[in-house]
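**Q** Counting from 200, one number per residue, gives the positions in the sequence shown under this note's numbering.
No residue lacks a Cβ here, since even glycine has one placed at the ideal position from N, Cα and C.
On a predicted model such as this, the values are computed, not experimentally measured, just so you know.
The structure's right below; bear with me while I get my questions together.
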Amino acid sequence: MNFLKGGVCILSVAVPVLLFELGLRVAREKMDYLAPERVADPALGFRVAPYTGGHDEWGFRNLEVPESSEVVALGDSNTWGVAARWDESWPSEFARKTGRSVYNLGMSAYGPVEYFHLLETKALSLKPDLVVVALYFGNDFIDAYRSVSDRRHWASFRTRSMAPSGGQQEPTDFHPGAPFVNHRDAKKNPIKRLRNWLRGHSMLFRIIEEGPLGQRVNAWGDQREEFGGRRCAVRVEDPFTTVLQPDHRLAGLDLEDPKVEEGIELSLLFLEKIARLVEVHGSELRVVLIPTKESVLVRKAKDVRSGCEEIIQKILTNEEAIRQRVRAFLDEQRIPFVDTFEALREHALGHRIYLQSGDSHPNGEGYAVIAEEVAAATESHGSARKTPSREAR
């Protein structure tokens, strides 16, 4: 009898949950909630398997692959739109603001090397009038180094310091991050293993996780090492609550690391190659500079762990030095660019532009700021090949 009652109780909970899950899959876009699958690729390291996690035939976050697109956006997870719905990503916001068709080729863990490859193999086939490349200061430089160092496909670009490993990263180990499931970090943590399974299979779980309760739990975990948090966690309480993880971010901005320095050089090289290829095909180009969450918000930070001051200062100093270096290079090469740092920092004074957790990506509000800056620069000036952007002047 007790067994029967227990079964009835379980069914009374499971059936409504299952029905709600099915309803969500009909009513909402899967690419906003379900993690896609990855397959190995010799040039990209990995690519998203077609139609998985709601992605399109090419494996990108669009409803479909069009025959042509007026604008193509290239970038990493900040262009894919982590921490926001697909229609809140900056490429989608840009499309609404300008009325132009936009195809989003953004992908987590990609960098300048992958942007160039996608421009050659995908973007230009859509016959775009405008190509927008988003450069994220947080990890694009170290990603460029790893892409060339780790893959035979880019062996001709290797420097002498790079060991000719000729290896190929396995997709599950290739800089895992949202929207993908990070199995590596969950190997020793059963709670994370359960969370990862739910992230890949349950839209209901993703909605709960992105809500107020889920954000509080994630913010708490981001500050605790036993749950994968960082040794240096910095809490921001004004104008909105969030968590910074400077020690993690410094890895991609450490100018004392030769890999970062070589990654910067490679990034600039591939940006130049992108500019020349876009010019040959008669399209316009904009490079969008996206700052780190740490540099945008650190003025409002409250240190909740000791030993962070030196790390924070290194991030601020290094990122500013790299920003000026990149801007000078783009000016020299006459490559138009849009620097979104000041706009994001100003907007953050009165609006939440990042999640409550340690996630480093802007939310929909933050992506709207980026889109507004790109739209303003594009509409204010004619040919990107002839006229520097307002920020480049």
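In the DSSP assignment, what residue or residues form a beta bridge with Thr-441?
**A** Numbered from 1 along the sequence shown, position 242 holds the residue referred to as residue 441. Its beta-bridge partners are Val-435.
**Q** Would you kindly report the start and end of the unbroken alpha helix (DSSP H) that includes Asn-277?
**A** Locating residue 277 in the sequence shown gives position 78, counting from the first residue. 276-279 is the extent of the alpha helix (DSSP H) around Asn-277.
**Q** Would Gly-252 and Gly-274 be called neighbours here (beta carbons separated by less than 8 Å)?
**A** Position 53 of the sequence shown, counted from the start, is the residue given in the question as residue 252. Position 75 of the sequence shown, counted from the start, is the residue given in the question as residue 274. It is not a contact, given that the beta carbons lie outside the stated cut-off.
**Q** Near Gly-549, which residues of its chain fall below 8 Å by C-beta distance, leaving aside the five closest residues on each side in sequence?
**A** Taking the first residue of the sequence shown as position 1, residue 549 is located at position 350. Around Gly-549: Pro-438.
**Q** Can you tell which of Ile-511, Arg-485 and Ser-482 has its C-alpha closest to the C-alpha of Leu-496?
**A** Within the sequence shown, residue 496 is the residue found at index 297, counting from 1. Looking at the Cα atoms, Ile-511 is the closest of the given residues.
**Q** With a threshold of 8 Å on Cβ separation, who are the neighbours of Ser-360 within its own chain once the five nearest residues in sequence on each side are excluded?
**A** Within the sequence shown, the letter at position 161 stands for residue 360. These residues qualify, in order along the chain: Pro-457 and Glu-461.
**Q** Can you tell me whether DSSP reads Asn-517 as helix, strand or coil?
**A** On the sequence shown, position 318 is the one that residue 517 refers to. If DSSP states are grouped into helix, strand and coil, Asn-517 belongs with the helices.
**Q** Quick one: what does DSSP say Asp-538 is sitting in, helix, strand or coil?
**A** One-based indexing of the sequence shown puts residue 538 at position 339. If DSSP states are grouped into helix, strand and coil, Asp-538 belongs with the strands.
**Q** How about Lys-492 and Tyr-553: do their beta carbons lie closer than 8 Å?
**A** Along the sequence shown, read from residue 1 onward, the residue named residue 492 stands at position 293. Along the sequence shown, read from residue 1 onward, the residue named residue 553 stands at position 354. It is a contact, given that the beta carbons lie within the stated cut-off.
**Q** Check the C-beta distance from Ser-268 over to Ser-300 and give it rounded, since I have them as a contact under 8 Å.
**A** Counting from one through the sequence shown, the residue named residue 268 turns up at place 69. Counting from one through the sequence shown, the residue named residue 300 turns up at place 101. Right, their Cβ atoms sit about 5 Å apart.
**Q** Buried or exposed, going by whether 16 or more other CB atoms sit within 10 Å of the CB of His-254?
**A** One-based indexing of the sequence shown puts residue 254 at position 55. It counts as buried.
**Q** Compare the beta carbon distance of Leu-476 and Leu-325 with 8 Å and say whether it is the shorter of the two.
**A** Taking the sequence shown and counting its residues from 1, one reaches residue 476 at position 277. Taking the sequence shown and counting its residues from 1, one reaches residue 325 at position 126. Not closer than 8 Å, so no.
**Q** Please give the ranges of any alpha helix (DSSP H) in the region 326-366, keeping only runs that are unbroken, at least 4 residues long and fully inside the region.
**A** Runs found: 339-349.
**Q** Here's a check: name, in chain order, each residue in its chain whose Cβ is nearer than 7 Å to the Cβ of Asp-339, leaving out the five neighbours to either side.
**A** Here residue 339 refers to the residue found at position 140 when the sequence shown is read from its first residue. Taken in chain order, the residues that qualify are Asp-275, Gly-310, Pro-311 and Ser-466.
**Q** On the CB-based measure, 16 or more other CB atoms within 10 Å of its CB, does Gly-565 come out buried or exposed?
**A** The count along the sequence shown starts at 1 and reaches residue 565 at position 366. So Gly-565 counts as buried.
**Q** Name the one or two DSSP bridge partners that Asn-303 has.
**A** Your numbering for residue 303 matches position 104 in the sequence shown. For Asn-303, which the question treats as bridged, DSSP gives the partners Ala-272.
**Q** Taking all protein chains shown into account, do 16 or more other C-beta atoms lie within 10 angstroms of the C-beta of Thr-539, making it buried, or fewer, making it exposed?
**A** Position 340 of the sequence shown holds residue 539. Per the 10 Å Cβ criterion, buried.
**Q** Cα separation between Ala-450 and Gly-337?
**A** Looking up residue 450 in the sequence shown gives position 251. Looking up residue 337 in the sequence shown gives position 138. In a straight line, the C-alpha of Ala-450 is about 9 Å away from that of Gly-337.
**Q** Compute the distance between the beta-carbons of Ala-242 and Arg-345, then report whether it is under 8 Å.
**A** For the purposes of this step, residue 242 is taken as the residue at position 43 of the sequence shown. For the purposes of this step, residue 345 is taken as the residue at position 146 of the sequence shown. Against a cut-off of 8 Å, the Cβ pair of Arg-345 and Ala-242 comes out as no contact.
**Q** Have a look at Leu-543, His-316 and Pro-535 and flag the residue whose alpha-carbon is nearest the alpha-carbon of Leu-563.
**A** As a first step, residue 563 is located in the sequence shown; it is residue number 364 there, counting from the start. Checking the sequence, you will find Gly at residue 563 rather than Leu. When each option's Cα is compared against that of Gly-563, the closest is Leu-543.
**Q** Using a Cβ-Cβ cutoff of less than 6 Å, which residues in the same chain neighbour Ile-569 once the five nearest sequence positions on both sides are dropped?
**A** Position 370 of the sequence shown, counted from the start, is the residue given in the question as residue 569. Excluding positions up to five away in sequence, the list reads Trp-289 and Thr-539.
**Q** Out of curiosity, what's the CA-to-CA distance linking Arg-498 and Asp-240?
**A** Taking the sequence shown and counting its residues from 1, the one referred to as residue 498 is at position 299. Taking the sequence shown and counting its residues from 1, the one referred to as residue 240 is at position 41. Near 41 Å, if we compare the C-alpha coordinates of Asp-240 and Arg-498.
**Q** Go through its chain and collect everything with a Cβ distance to Asp-342's Cβ below 6 Å, but skip five positions before and after it.
**A** Numbered from 1 along the sequence shown, position 143 holds the residue referred to as residue 342. If we look at Asp-342 and ignore the five residues flanking it on each side, its Cβ neighbours are Gly-310.
**Q** Which value, in whole angstroms, describes the spacing of the CA atoms of Gly-366 and Val-238?
**A** Taking the sequence shown and counting its residues from 1, one reaches residue 366 at position 167. Taking the sequence shown and counting its residues from 1, one reaches residue 238 at position 39. Model confidence at Gly-366 stands at a pLDDT of 48, short of 50, so the residue's coordinates are unreliable; what they give is reported in the following sentence. Roughly 16 Å between the two C-alpha positions.
**Q** Bridge partners for Asp-240 per DSSP, in chain order?
**A** Numbered from its first residue, the sequence shown carries residue 240 at position 41. According to DSSP, which records beta bridges pairwise, Asp-240 is partnered with Gly-244.
**Q** Count the other CB atoms, across all protein chains shown, that sit within 10 Å of the CB of Glu-508; report buried if there are 16 or more and exposed otherwise.
**A** One-based indexing of the sequence shown puts residue 508 at position 309. It is exposed - the Cβ of Glu-508 has fewer than 16 other Cβ atoms within 10 Å.
**Q** Taking the alpha helix (DSSP H) that Val-459 falls in, what are its first and last residues?
**A** Taking the sequence shown and counting its residues from 1, the one referred to as residue 459 is at position 260. Counting along the chain, the alpha helix (DSSP H) containing Val-459 begins and ends at 457-479.
**Q** How many angstroms separate the CA atom of Ser-291 from the CA atom of Tyr-335?
**A** As a first step, residue 291 is located in the sequence shown; it is residue number 92 there, counting from the start. As a first step, residue 335 is located in the sequence shown; it is residue number 136 there, counting from the start. The alpha-carbon atoms of Ser-291 and Tyr-335 are separated by roughly 18 Å.
**Q** Quick one, are the C-beta atoms of Ile-534 and Val-486 less than 8 Å apart?
**A** By one-based count along the sequence shown, residue 534 stands at place 335. By one-based count along the sequence shown, residue 486 stands at place 287. Their beta carbons are under 8 Å apart, which means Ile-534 touches Val-486 by this criterion.
**Q** Mind checking Val-537: buried by the 16 CB within 10 Å criterion, or exposed?
**A** Taking the sequence shown and counting its residues from 1, one reaches residue 537 at position 338. The residue is buried, with at least 16 neighbouring Cβ atoms inside 10 Å.
**Q** Residue range of the alpha helix (DSSP H) that Arg-295 falls in?
**A** In the sequence shown, counting from the first residue as 1, residue 295 sits at position 96. Start and end: 289-297.
**Q** Can Arg-430 and Asp-446 be called in contact, C-beta distance under 8 Å?
**A** As a working note, residue 430 is residue 231 in the sequence shown. As a working note, residue 446 is residue 247 in the sequence shown. Yes, the pair counts as a contact, with Cβ atoms nearer than the cut-off.
**Q** Assuming Leu-496 is part of the alpha helix (DSSP H), what are its boundary residues?
**A** In the sequence shown, the residue the question calls residue 496 occupies position 297. That run of the alpha helix (DSSP H) goes 492-496.
**Q** Which residues in the same chain as Ala-474 place their Cβ atom closer than 7 Å to its Cβ, once the five residues preceding and following it in sequence are excluded?
**A** For the purposes of this step, residue 474 is taken as residue 275 along the sequence shown, with counting starting at 1. Taken in chain order, the residues that qualify are Leu-484, Gln-532 and Ile-534.
**Q** Quick check on Pro-235: does DSSP put it in helix, strand or coil?
**A** Counting from 1 along the sequence shown, the entry for residue 235 is found at position 36. Of the three classes helix, strand and coil, the one that applies to Pro-235 here is coil, per DSSP.
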